[in-house]
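In this note's numbering, the protein residues as written are 124 to 385.
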């Protein structure tokens, strides 16, 4: 029998999530956060083509260290090797939390190594590119977020019930802030490696002409209680790649996404 979804978890059919830096827990809460690891299988046309690993853990100095790593599988690596890492260190400063994001991209013949230092509370940002040897300072809208924090904002906002209508999410990428709307649909049942779950679909709508040009997210599914990004479909040049959550641990203990239906 299908378990009813709690009313407070049932979002309207078409709403916009307004995610701001003020919604983040204080740094004391971040420092006490559990160590997490989420593993995703990347599939294209039914074949496993790579993996995506997401980690988050206190850094021992009052801050938080998070990372996202994408790697091609062995057979794909012989044709088109990919090994990309984004690491975000969140640390306290007099100007509020400082997010230092180091991006190292190795995608076939393309190599990129840049660093974004972002203060979301003030909107100050410093971009540096190791390969091109450039450094630029920008003033972005207050509350602008980095791409690593974006992953956690999606699931944390759903879990904390801070969904609001109106407003835009600002995402700092490639030297500027991009406006983004996130629409949530009604909860539905999804078949996953963890069983059949209740999950909420999210649809991303870019308001920036240069965001999601090469890789365009189509739909993201978030589980409930505890929330997690269960699945994400991304449109690329040769089709759609699907990321599916296969393993989740907190402090080394397995976690099962919520909303399981008997």
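Note that CB positions come from ideal geometry on N, CA and C, so glycine has one too.
These numbers come from a predicted model, not from an experiment.
Apart from the five residues just before and just after residue 362, which ones in its own chain have a Cβ nearer than 7 Å to its Cβ? Start at 1 with the first residue of the chain shown, and residue 362 comes out as number 239. Excluding positions up to five away in sequence, the list reads 167 and 168.
In this structure, how does DSSP classify residue 335 when only helix, strand and coil are distinguished? Position 212 of the chain shown, counted from the first residue, corresponds to residue 335. Three-state DSSP puts residue 335 in coil, outside helix and strand.
Under a Cβ-count criterion, where at least 16 other Cβ atoms within 10 Å of its own Cβ denotes burial, should residue 389 be classed as buried or exposed? Outside the shown range of the chain, which is 124 to 385, sits residue 389, and nothing can be said about it.
Alpha carbon of residue 230 to alpha carbon of residue 236, nearest angstrom: If you number the chain shown from 1, residue 230 lands on position 107. If you number the chain shown from 1, residue 236 lands on position 113. Annotation: residue 230 to residue 236 spans about 12 Å, alpha carbon to alpha carbon.
For the ligand GDP, is there a heavy atom less than 8 Å away from the beta-carbon of residue 327? What this structure holds is no ligand at all, so the ligand GDP is not there to describe.
Once the 5 residues before and after residue 203 are set aside, which same chain residues still bring their CB inside 7 Å of it? Indexing the chain shown from 1 puts residue 203 at position 80. Residues of the same chain with a CB within less than 7 Å of the CB of residue 203, apart from the 5 flanking positions on each side, are 195 and 231 in chain order.
Beta-ladder partner(s) of residue 206, from DSSP: On the chain shown, residue 206 is found 83 positions in, with the first residue counted as 1. Under DSSP, the beta-bridge partners assigned to residue 206 are 194.
With a 10 Å radius around its C-beta and 16 neighbouring C-beta atoms as the bar for buried, classify residue 211 as buried or exposed. Locating residue 211 in the chain shown gives position 88, counting from the first residue. By the neighbour-count criterion, in which 16 or more other beta carbons inside 10 Å mark a residue as buried, residue 211 falls on the buried side.
Extent of the continuous beta strand (DSSP E) run through residue 329: The residue given as residue 329 occupies position 206 in the chain shown. That run of the beta strand (DSSP E) goes 318-329.
Which residues does DSSP pair with residue 168 in a beta bridge? Position 45 of the chain shown, counted from the start, is the residue given in the question as residue 168. According to DSSP, which records beta bridges pairwise, residue 168 is partnered with nothing at all.
With DSSP run on the structure shown, which of helix, strand or coil describes residue 254? Along the chain shown, one-based indexing puts residue 254 at 131. Three-state result, residue 254: coil.
Consult DSSP for residue 186 and reduce its assignment to one of helix, strand or coil. Taking the first residue of the chain shown as 1, we reach residue 186 at position 63. The answer is coil: DSSP assigns residue 186 none of H, G, I, E or B.
DSSP puts residue 381 in a beta bridge; with which residues? Within the chain shown, residue 381 is the residue found at index 258, counting from 1. BP columns for residue 381 are empty, so no partner.
Based on the DSSP secondary-structure assignment, which residues constitute the bridge partners of residue 248? The residue you call residue 248 lines up with position 125 of the chain shown. According to DSSP, residue 248 bridges with 241 and 261.
Pop quiz: residue 205 and residue 224 are said to be a contact at Cβ under 8 Å. What is the actual Cβ separation, rounded to whole angstroms? Counted from its first residue, the chain shown places residue 205 at position 82. Counted from its first residue, the chain shown places residue 224 at position 101. The pair is not a contact, with the Cβ atoms about 19 Å apart (cut-off 8 Å).
With DSSP run on the structure shown, which of helix, strand or coil describes residue 291? As a working mapping, residue 291 is identified with position 168 in the chain shown. Coil at residue 291, not helix or strand.
Is the beta carbon of residue 325 sitting closer than 9 Å to the one on residue 277? Indexing the chain shown from 1 puts residue 325 at position 202. Indexing the chain shown from 1 puts residue 277 at position 154. Closer than 9 Å, so yes.
When you compare the CB positions of residue 320 and residue 302, do they come within less than 9 Å of one another, or not? Within the chain shown, numbered from 1, the residue matching residue 320 stands at position 197. Within the chain shown, numbered from 1, the residue matching residue 302 stands at position 179. No, Cβ-Cβ distance for residue 320 and residue 302 is not below 9 Å.
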